[in-house]
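Sequences listed follow chains V and D, in order.
The first sequence lines up with residues 1 to 794 when you count with this note's numbering.
The second sequence lines up with residues 795 to 1110 when you count with this note's numbering.
The structure under discussion appears below in the form of structure tokens.
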Amino acid sequence: MTDQAVATRGWIGRALPRFEDEALLRGRGRFIDDLEPVPGAHHAAIVRSPHAHARIRHLDVSAAEAADGVTGVLTGADVQAMSRPFAAAAPSPVPYYAAAVDTVRHVGEPVAVVVARDRYLAEDAAARVRVDYDPLAPVLDARAAVHDSDALVSERSFHYGDPEAAFAHADVIVGGRFDFPAWTGLPLEGYGVVADWDPGAGTLTAWCNFQGPFTLHGVAAAALGLPGTRLRVITPEHSGGSFGIKSGVFVYVALIGLASRKLGVPVRWTEDRLEHLAASQTSTGRCAEIEGAFAADGELLGVRIDAIDDVGAYLRAPEPASMYRMHGALTGAYRVRNLALRARVVLTNRCPSALNRGFGGPQHYLPLEGMMALGARRLRIDPLRLAELNLVRRFPYETPSGGLYASGDFAGCLREARELSGYEARREERRRARRAGRLYGIGVACVVEPSISNMGYVTLVEEEASRGNALPKSGNAEGATVTINPAGGIGVRVSTTPQGQGHGTVVAQVVADALGVDPSQVAVRADADTSFSPWTVASGNYSSRFSGVGVGAALRATEQVAGKLRAIAGHVLGADADEIELRDGVAHLRGSGDGAETTVSLRRLAGMAHWNPEGLPEGLEPGLAATAYYAAPELAPPVDDRISASTENGFVVDIAVVEVDRATGRLAVIDYVSVHDAGRLLNPLLAEGQVIGGFAHGFGAVTREAHAHGADGELLTDTLKDYLCPTPADLPAVRTAHRETPSPLTPLGAKGLGEGTTMSVPAAIHNAVMDALHRDAPIALPLTPARLWELIDA
Amino acid sequence: MKPAPFAYLRPETEDEALDLLREHGDEARILAGGQSLVPLMSMRRVSPAAVVDITRLPGLAEVRDGQVAGAEVGGAEAGGAEVGGAEVGGTEVAGTEVGALVTQYGLEQRAGIDDALRECLPYTGHYATRHRGTVGGSIAYGEPRGELPVVLLALAGRARVRSRDAEREIAADELYVGPYATTLRADELLVSTRWPAAGLGRGSAFTELALRQGDFTLACAACAVTVRDGAIVAARVAVGAVADRPLLVGPAAEALVADGPRAAAAATRATIPGYGDHHASARYRRHLAGELVADAAARAIARAGGAPMTEGGADG
Chain V
1 MTDQAVATRG WIGRALPRFE DEALLRGRGR FIDDLEPVPG AHHAAIVRSP
51 HAHARIRHLD VSAAEAADGV TGVLTGADVQ AMSRPFAAAA PSPVPYYAAA
101 VDTVRHVGEP VAVVVARDRY LAEDAAARVR VDYDPLAPVL DARAAVHDSD
151 ALVSERSFHY GDPEAAFAHA DVIVGGRFDF PAWTGLPLEG YGVVADWDPG
201 AGTLTAWCNF QGPFTLHGVA AAALGLPGTR LRVITPEHSG GSFGIKSGVF
251 VYVALIGLAS RKLGVPVRWT EDRLEHLAAS QTSTGRCAEI EGAFAADGEL
301 LGVRIDAIDD VGAYLRAPEP ASMYRMHGAL TGAYRVRNLA LRARVVLTNR
351 CPSALNRGFG GPQHYLPLEG MMALGARRLR IDPLRLAELN LVRRFPYETP
401 SGGLYASGDF AGCLREAREL SGYEARREER RRARRAGRLY GIGVACVVEP
451 SISNMGYVTL VEEEASRGNA LPKSGNAEGA TVTINPAGGI GVRVSTTPQG
501 QGHGTVVAQV VADALGVDPS QVAVRADADT SFSPWTVASG NYSSRFSGVG
551 VGAALRATEQ VAGKLRAIAG HVLGADADEI ELRDGVAHLR GSGDGAETTV
601 SLRRLAGMAH WNPEGLPEGL EPGLAATAYY AAPELAPPVD DRISASTENG
651 FVVDIAVVEV DRATGRLAVI DYVSVHDAGR LLNPLLAEGQ VIGGFAHGFG
701 AVTREAHAHG ADGELLTDTL KDYLCPTPAD LPAVRTAHRE TPSPLTPLGA
751 KGLGEGTTMS VPAAIHNAVM DALHRDAPIA LPLTPARLWE LIDA
Chain D
795 MKPAPFAYLR PETEDEALDL LREHGDEARI LAGGQSLVPL MSMRRVSPAA
845 VVDITRLPGL AEVRDGQVAG AEVGGAEAGG AEVGGAEVGG TEVAGTEVGA
895 LVTQYGLEQR AGIDDALREC LPYTGHYATR HRGTVGGSIA YGEPRGELPV
945 VLLALAGRAR VRSRDAEREI AADELYVGPY ATTLRADELL VSTRWPAAGL
995 GRGSAFTELA LRQGDFTLAC AACAVTVRDG AIVAARVAVG AVADRPLLVG
1045 PAAEALVADG PRAAAAATRA TIPGYGDHHA SARYRRHLAG ELVADAAARA
1095 IARAGGAPMT EGGADG
């Protein structure tokens, strides 16, 4: 790109380093545990279940209450008396309270909260809480749980087109069982809450590192029996990461809030790593069976999926959304019109699940792309060629299940991936390696990456008829406030609660272009305060929604302020507002020189708006601020079980080249190529960071990360010595490329890209390993050396 | 994740430390680098009444090169193997004495240490933990998956320990008796470890496979061999993470001397119990340990100047 082109495009699209990094790199980050928002907070330690499933015969907290420095203890019975069960998106056979009442249902479930002068004393006292458990048999097998009415949360079947006919006419049918175990995002910083109950006002204020507020603020408020205005949630400016996992903080807003309310003191709780691994939140485990019907020429005729989601011990909002998040993109990148889905959701005795980067996507593409790989093998067609044959080519494209792919160039991405990977040379290398007896494989994954969720998709869990009475839902809106102060300083407030994604930098770029200033002059706050920042029921950091609606709201608000600046400038310079151009911190009269008579500085315009309302053009309000909201178009509640579950759909093509060591089963990634089309890239540097980060997250899941339980349900992955996420040194290099097919549905043409590689990497690497080992059936994840060697040796 | 209350004791002299150990006995734990003890205490998986911090003791952070006693490679009765009672090395060989407080990283930076020892150090922990974790701590802790104990066994190294009344040396072969269990008494302090160095005709190597380098290994192996006239005359083979303690594998050493690395691999698999968990089955670990022994043996032989006898024995 030439300098001229950069200048024309302004700040948007530039690889600007993050403004956020300076404070973080200097150790000036202010995380939840650094905050002392109220004086004299007492410290909580949580007594947790060591069992996966047990009845509580007796709970004795008297010794803890009598211990040194102890303020008091909150028990499960208190929680039941003081709150209501958490609501979720479907009725649950088991009520979900913030602490166990008479039965514990997963390792780490809170049983009591001990509050003391400091955390040491709280943990000393917690060790004196006596719990008499009567262990029960744990349910860990989701496939078995579907037969238990106390475990089955929901069961629905969906038919689109004529799958029966497609399978009846197929030349080849392939498929298999693809299970995706629960794993996690493993943020560096765990959960944290400081709760302060004000008995006079009947208000709970909770500072917490939540990634919301979105719907979960309402869920917590309802559980506490508070109107939304009496639960004020405030998030810190800095977050130590989330990857979705921190959506579960709302449970502890309720628990620690109740402790504050019962004991009459502000209470703080910082989750430790043992608590985090056992009981914070995991991804949704999925057991899927899939079948694909193909014609002999490779045309994909139909797909049948039987999916069981394991949401853990309790249905935690927004679950069972994981099952439906991909609903508009169930057919992925392919033109196939015949589709059947059986969707079941069960409870087991594992940690509750909810958001984790990719939310439903990794679990969906492992079987879908695995089926394509098995189909290619059976049909003796190269997998990349088979994908190419079936790709969606005309846009906009409506999927059989109601999704709208508004724009894209799937075939172009595939061609670029083929070229970047050196695909033909890789195939030749594979031939040579195989002749030498080496286990060398190539895997492909084509992934449609949804972004900006339509909150209405969750209602698919209900039968169409029972949806009728509820408020129709299609939420995705975000809000923003832009303010210019009397000295010309520009401040922006959004409630997108970033956990490291650099929202502040991108908002500054967008606002800078709209106001004609340098982005360093724009101060952005993206943390949320549910009483004072602009937000909607959709606000928060999930479903890669920032670059579409977060930026959209900021742009709308800025445009209103810019319009006002132009009106004042026009008034000063004796011209129409539309003759004014904002550039370099100055309002210019278009088509004239830069003399004093034809320009006026932003600072002066701001001064006028604040100091001299009398001098403003007639009808213009004083001050320079605007709050605006933005919702992406083309989203509606479901009709006939069809829904556009997400506003946008980006595209990813990955090609993985691997080798498995015959002697040890060790997996080496020789090359990895990932080509993305996420529409217009607002900041290519941050986009690349998301792609690489998503890769690491998916790579962990496919190679080594999974929560493991013993026969009695005990958690085997309870420390970081046993739960192994890859470090940077463990990651192979990833070669990336981006195409930019602008979105017609977002203000700047961007599509989300935070989750694509987390969805594609497990499928691509799993397919490559199946290829390397000449397998006609899926391999259980994670693909550890031991598991691969057992297959080689068999 | 806060430790239970404990007495923190920080002696300034070795005598003071030894007095404290005698006084507190089993109730005390010694704190050196703290990379195992401190997390275990924070998780309340161990809650000692007293912690004796030895990091201020003088003289324990030194590395000395010189003669180390009684460290010949071989001795079939002690788990090694040799040909026809060959005299290998004698009772005084060149080697390195490593003070208990020398860090894993510090030793890694030291030139001239034995090859197997040098190769194992990067696996003993992550970069950050190796800057604090000590060699003495790793040896005394007796982690069944630890790397340094395996190398100490293969090299026939020794641990020097002191109590208020006496000083003694414990041969590596006599050191480990169970998971995290050693023959050190509660009133004894490990002051240094002695590592024979590779010399003319001698070679050693270490290898391992971990799911993530720096974490607990799936299995690891160390071999030391003596080669004379192109033939192996003595060998020691040790493996880790396949049993409740680091193991010296006598039959593997015998097979190595007789038939080479592949035979040593087969003998390893036939001998060791294996250990299964959610990362890997016992069957896999036995297999892997064999592969690692073969690899370490082949490299040790090459370093000793021997012919690569890799095709000599039965395959695993």
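Here a beta-carbon is modelled for each residue, glycine too, at the ideal position from N, C-alpha and C.
Using a Cβ-Cβ cut-off of 7 Å, state whether residue i counts as contacting chain D.
i        : result
Asp529/V : no
Ala125/V : no
Leu716/V : yes
Arg48/V  : no
Ala663/V : yes
Leu140/V : no
Asp179/V : no
Arg357/V : no
Arg380/V : no
Arg704/V : yes
Suppose you measure from the CA of residue i to the CA of residue j; what does that come to, to the nearest Å?
i         : j         : result
Gly883/D  : Tyr921/D  : Residue confidence for Gly883/D is low, a pLDDT of 42 falling below 50, so the modelled location carries little weight and cannot support an answer.
Ala23/V   : Gly29/V   : 6 Å
Glu1085/D : Leu716/V  : 27 Å
Leu1050/D : Glu1002/D : 19 Å
Gln211/V  : Asn390/V  : 38 Å
Glu810/D  : Val1043/D : 39 Å
Pro843/V  : Asn338/V  : There is simply no residue 843/V to check, as chain V begins at 1 and stops at 794 in what is shown.
Val658/V  : Leu439/V  : 8 Å
Leu753/V  : Gly698/V  : 14 Å
Asp297/V  : Ile290/V  : 20 Å
His1072/D : Arg1006/D : 15 Å
Ala826/D  : Asp1038/D : 24 Å
Tyr423/V  : Ala206/V  : 53 Å
Starting from residue i, trace the beta strand (DSSP E) both ways and give me its first and last residue.
i         : result
Asp677/V  : Leu667 to Asp677
Asn390/V  : Note, Asn390/V: premise wrong, no beta strand (DSSP E); alpha helix (DSSP H) at Pro383 to Asn390.
Thr1001/D : Arg996 to Ala1004
Please compile the residues from chain V whose C-beta is within a distance smaller than 8 Å of the C-beta of residue i.
i         : result
Phe800/D  : Simply none; closest approach about 11 Å.
His1081/D : Trp789 and Asp793
Met835/D  : Residues of chain V passing the Cβ test: none, with the nearest at roughly 12 Å.
Does any residue of chain V bring its CB to less than 7 Å from the CB of residue i?
i         : result
Ala1064/D : no
Ile1095/D : no
Ser1075/D : yes
Tyr917/D  : no
Arg1006/D : yes
Tyr1078/D : yes
Glu941/D  : no
Glu913/D  : no
Glu937/D  : no
Glu1085/D : yes
Starting from residue i, follow the alpha helix (DSSP H) in both directions and report where the run begins and ends.
i        : result
Ser273/V : Residue identity differs from the one stated: residue 273/V is Arg in this sequence, not Ser. Counting along the chain, the alpha helix (DSSP H) containing Arg273/V begins and ends at Arg273 to Ala279.
Tyr120/V : Arg119 to Ala126
Asn767/V : Gly756 to Ala772
Interface residues of chain V around residue i at Cβ under 7 Å?
i         : result
His1072/D : Ala708 and Leu716
Asp1010/D : For the record, residue 1010/D in the displayed sequence is Phe; it is not Asp. By Cβ distance, chain V contributes Lys721.
Applying a beta-carbon distance threshold of less than 7 Å, which residues of chain D neighbour residue i?
i        : result
Tyr120/V : Lys796
Arg438/V : What Arg438/V touches in chain D: nothing, since even the nearest Cβ is about 16 Å away.
Counting only Cβ pairs nearer than 8 Å, list the residues of chain D close to residue i.
i        : result
Arg666/V : Leu1003
Thr784/V : Leu1005, His1073 and Ala1074
Please confirm if the region 253 to 270 of chain V is in contact with the region 359 to 379 of chain V, defined as three or more CB-CB distances below 8 Å between the two stretches. With contact defined as three or more Cβ pairs closer than 8 Å, the region 253 to 270 of chain V and the region 359 to 379 of chain V are not in contact.
Hey, is the region 214 to 225 of chain V in contact with the region 187 to 195 of chain V, meaning 3+ C-beta pairs nearer than 8 Å? Because the criterion of three Cβ pairs below 8 Å is not met, the region 214 to 225 of chain V and the region 187 to 195 of chain V do not touch.
Quick check: the region 165 to 176 of chain V against the region 196 to 205 of chain V, are at least 3 beta-carbon pairs closer than 8 Å? Too few Cβ pairs lie closer than 8 Å, so no.
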